[in-house]
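Residue numbers (mature numbering (1 follows the signal peptide of the UniProt record, and there is no 0)): -23 to -1, 1 to 98. C-beta atoms are modelled at their ideal positions from N, C-alpha and C, and glycine is treated no differently. Note that the coordinates shown come from a computational prediction; the quantities given were computed from them, not determined experimentally. Let me begin by presenting the structure, written as structure tokens, before commenting on it.
Next comes the structure, spelled out in structure tokens:
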């Protein structure tokens, strides 16, 4: 049998961990970055930056454009615009991930072309 101090430690750990497991608390951190609004923010920042128009400030669902701190208003891909960002369906989430990948690739291309030391790691 475990000494009382180890048994107390096990009970204490279970009291702390069990509610988190039951509520999905450990899983919430993995879902946070996959939220459509978070993904839209990431894509918006990259898109506004690549358009030379500062940083992303808002999304205009009526015109399907991003609002940047500068004058440009980059268009949002059709799959994102027609989707429901609030309910974040799997198809909209996938569109946002694909768009993010394309924007990251474009940014890497610009950095490789304009910053010679970028591609040398």
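Hey, out of 84, 57 and 86, whose CA is closest to residue 72's CA? On the chain shown, residue 72 is found 95 positions in, with the first residue counted as 1. Answer by Cα proximity: 57.
Does the distance from the CB of residue 69 to the CB of residue 80 come in under 9 Å? If you number the chain shown from 1, residue 69 lands on position 92. If you number the chain shown from 1, residue 80 lands on position 103. In this structure, residue 80 does not lie closer than 9 Å to residue 69 by Cβ.
Based on the DSSP output, what are the partners of residue 33 in its beta bridges? Here residue 33 refers to the residue found at position 56 of the chain shown. Paired residues: 45.
Taking a contact to mean a Cβ-Cβ separation below 9 Å, would you say residue 59 touches residue 48 in this structure? Taking the first residue of the chain shown as position 1, residue 59 is located at position 82. Taking the first residue of the chain shown as position 1, residue 48 is located at position 71. Against a cut-off of 9 Å, the Cβ pair of residue 48 and residue 59 comes out as no contact.
Limits of the unbroken alpha helix (DSSP H) element including residue 20: Walking along the chain shown from the start, residue 20 turns up at place 43. First-last of the alpha helix (DSSP H) with residue 20: 13 to 27.
How far does the alpha helix (DSSP H) with residue 58 in it extend, from its first residue to its last? Looking up residue 58 in the chain shown gives position 81. Its alpha helix (DSSP H) spans residues 55 to 58.
Could you give the distance in angstroms between the alpha-carbon of residue 19 and the alpha-carbon of residue 89? As a working mapping, residue 19 is identified with position 42 in the chain shown. As a working mapping, residue 89 is identified with position 112 in the chain shown. Cα to Cα, the separation comes out at about 21 Å.
Could you check how far apart the C-beta atoms of residue 24 and residue 34 are, in whole angstroms? I think they sit under 8 Å. Your numbering for residue 24 matches position 47 in the chain shown. Your numbering for residue 34 matches position 57 in the chain shown. That belief does not hold up - the Cβ atoms of residue 24 and residue 34 are roughly 12 Å apart, past 8 Å.
What whole-angstrom Cβ distance do residue 16 and residue 77 have, given they're in contact under 8 Å? Along the chain shown, read from residue 1 onward, the residue named residue 16 stands at position 39. Along the chain shown, read from residue 1 onward, the residue named residue 77 stands at position 100. Between residue 77 and residue 16 the Cβ distance is about 6 Å, and since that is below 8 Å, they are a contact.
Within 10 angstroms of its Cβ, does residue 53 collect 16 or more other Cβ (buried), or is it exposed? By one-based count along the chain shown, residue 53 stands at place 76. Buried, because 16 or more other Cβ atoms sit within 10 Å of the Cβ of residue 53.
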